[in-house]
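Chains as they are written, first to last, in this note's numbering: chain A, 1 to 83; chain B, 84 to 166; chain C, 167 to 323; chain D, 324 to 480.
Backbone N, C-alpha and C define an ideal beta-carbon position, used for all residues, glycine too.
Contents: one structure, followed by commentary.
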Amino acid sequence: MKVLYFAWLRTKIGCAEEEISLPENVKTVADVLDLLRTKGDAYVEALGEDKVIRVAVNQDYAPLDHPVKQGDEFAIFPPVTGG
Amino acid sequence: MKVLYFAWLRTKIGCAEEEISLPENVKTVADVLDLLRTKGDAYVEALGEDKVIRVAVNQDYAPLDHPVKQGDEFAIFPPVTGG
Amino acid sequence: MIRVQAENFDVGAEINALSEGNTAIGGICSFVGLVRDFQHTKDDDTRVSAMTLEHYPGMTEKKLAEIEEIARQRWPLEDVLIIHRYGRMEAGENIVLVVTASAHRKAAFESAEFLMDYLKTKAPFWKLEEDDQGQGKWVDARDADDHALTKWEKSQL
Amino acid sequence: MIRVQAENFDVGAEINALSEGNTAIGGICSFVGLVRDFQHTKDDDTRVSAMTLEHYPGMTEKKLAEIEEIARQRWPLEDVLIIHRYGRMEAGENIVLVVTASAHRKAAFESAEFLMDYLKTKAPFWKLEEDDQGQGKWVDARDADDHALTKWEKSQL
């Protein structure tokens, strides 16, 4: 699955885009975030419980219980500040 | 006193502007309208009780009891429809 | 700034000129009213092809200046422009332009809508519509415009 | 119509192009958001001299198209234009433009304000402000923008 990071999440994690494989037991947005938190300190810090982040699956906002599958485009970013 | 007519009031009365002298007893907007109604059928029809008209004295909207004096600019017109 | 004129105006050029060089402006809201080429659905099928706007020279300028002043007191505005035309205009031509510039989006939107509502009910203009047979008809005032104004008088802005 | 682009745009030319030839349009409302050259009054005195807007290519276009569609369903619009820039912009430059054209004034105003409120809270853009020392800082989302959106969800339009 392709994972994209934007704004301070991108700078904190130090990468804009990466490919991850989903283990069998990873079925929701929350599961993916848990999986990413095992990848090192930068991830733990960026995706910590105290951080306000948003997730989009296939370019639509998705809640924590939204299902995910291998081919999805998974994006993590802060609340938007455009306009 | 200069009296101005606009829109259908102008076309009904057949004049855009006229000069009238104010008798001693003409002290308010209502008095002026009464005076004008004595000037003929076109005036009676244009300024009839059933007509919705607005009055401005010296270029400000004025109610019926607003005082008037000889040097004033007195305008009569329908509700506005600009914009 | 207010302008009452017979000549047409270039909406784009006016907005561009207003924003130029003032970096305190965060948002500019504009509204332009145009002569609509509509069918008289109520009475008949004649098309309105043109109209003439009569106004009250002197009082018009006075009212527009008052309206601008009220808007500037209510909202933190960097700039205000009101242009209102009079005379004969054909379908598709500009009638009125309101532009408001502010540091804040909400102030720009609200003040522009306020200015238009106020113009519609207080500025001394009268529309004479001309159908495609050349017949003129004075347009009646709309209750909806008075209601739009009531909104501003009631609201605690 | 929506456009997501790095290049600047000419507000006036865009508005003029939109109205041309459509005599069913009675009113056009536009809003342009600009980079403000403001003081950081909260933290310090450094001036913001430029900013960079990052966005999510693909999702941006999708969200803007959705927002346009919602506005067209809610209001009787003759035309809609949304332009949003990304990349680096200096103080005074245009960021975003929304233009709505309708037969009716109220529809034009309301839909333009709705589009801006929606853009501010749903379109995937992130501002990195640059002060005059060249330091970048990611801008936090404002609660006020969420509240502006809530208005539209509650209102019976």
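Within the same chain, S353, V355, N417 and L420 come within 8 angstroms of V334(D) by CB-CB distance, once the 5 residues on both sides are set aside. Contact of A307(C) with chain B by beta-carbon distance below 9 angstroms involves V135, P161, P162, V163 and T164. L9(A) and G192(C) have their alpha carbons spaced roughly 27 angstroms apart.
Non-local beta-carbon contacts of F332(D) in its own chain, meaning distances under 7 angstroms to residues more than five positions away in sequence, involve I406, N417 and L420 in chain order.
A residue is called buried when at least 16 other Cβ atoms come within 10 angstroms of its Cβ; G300(C) does not meet this threshold and is exposed.
One thing to note: V44(A) has its Cβ no nearer than 8 angstroms to the Cβ of V68(A).
Closest in alpha carbon position to A90(B), among V201(C), K228(C) and L219(C), is L219(C). Residues of the segment 173-185 of chain C with a C-beta less than 8 angstroms from any C-beta of chain D: D176, V177, G178, A179, E180, I181, N182 and S185, listed in chain order. Assignment of beta-bridge partners to T111(B) by DSSP yields P150(B). Note: S425(D) is bridge-paired with G350(D) and L400(D) in the DSSP secondary-structure output.
Not one beta carbon of chain D lies nearer than 8 angstroms to the beta carbon of I168(C). Beyond the five residues adjoining it in sequence on each side, A158(B) comes within less than 6 angstroms, by CB distance, of L87 and A139 in the same chain, given in chain order. Contact of M282(C) with chain D by beta-carbon distance below 7 angstroms involves R428. Residue contact check for V246(C) against chain D: no CB pair falls below 8 angstroms. Sequence-distant partners of F291(C) (beyond 5 residues in either direction) whose C-beta falls short of 6 angstroms from its own C-beta, in its chain, are L219 and H221.
Taking a Cβ-Cβ cut-off of 9 angstroms, the neighbours of F6(A) in chain D comprise E377, H378, Y379, P447 and W449, given in sequence order. Residues of the same chain with a CB within less than 7 angstroms of the CB of L400(D), apart from the 5 flanking positions on each side, are A394, T423, A424, S425, A430 and S434 in chain order. Listed along chain C, the residues sitting closer than 7 angstroms to Q142(B) by beta-carbon distance are G224, M225 and K228. Residues of chain D whose Cβ lies closer than 9 angstroms to the Cβ of E279(C) are, in chain order, C352, R428, K429, F432, E433 and E436.
Each residue's CA atom was taken as its position, placing G40(A) and I13(A) some 9 angstroms apart. Contact annotation: in the segment 234-265 of chain C, residues whose CB is within less than 8 angstroms of a CB in chain D are A257 and G258. Under the criterion of beta carbons closer than 8 angstroms, R120(B) and L130(B) qualify as touching, at roughly 5 angstroms. DSSP places L4(A) inside the beta strand (DSSP E), whose first and last residues are K2 to Y5. L184(C): member of the alpha helix (DSSP H) spanning V177 to S185, first to last residue. Under the three-state reduction of DSSP, A158(B) is assigned to strand.
The shortest C-alpha to C-alpha distance from M374(D) to any of E392(D), K474(D) and D454(D) is the one to D454(D). Residue pairing by DSSP puts Q171(C) in a beta bridge opposite R251(C). Chain B places no beta carbon closer than 8 angstroms to that of K317(C), leaving this residue out of the contacts.
At least one CB atom of chain C sits nearer than 8 angstroms to the CB of A139(B). DSSP, reduced to helix, strand and coil, places Y441(D) within a helical segment of the structure shown. Between G457(D) and chain A, the shortest Cβ-Cβ separation is not below 8 angstroms.
For a cut-off of 8 angstroms, the C-beta gap from V305(C) to T94(B) is around 14 angstroms, too long to register as a contact.
Rounded to whole angstroms, the gap between the alpha carbons of L294(C) and A231(C) is 25 angstroms.
Distances from the alpha-carbon of K303(C) to those of R169(C), V214(C), I168(C) and D203(C) put V214(C) closest. For E101(B), the enclosing beta strand (DSSP E) starts and ends at E100 to E102.
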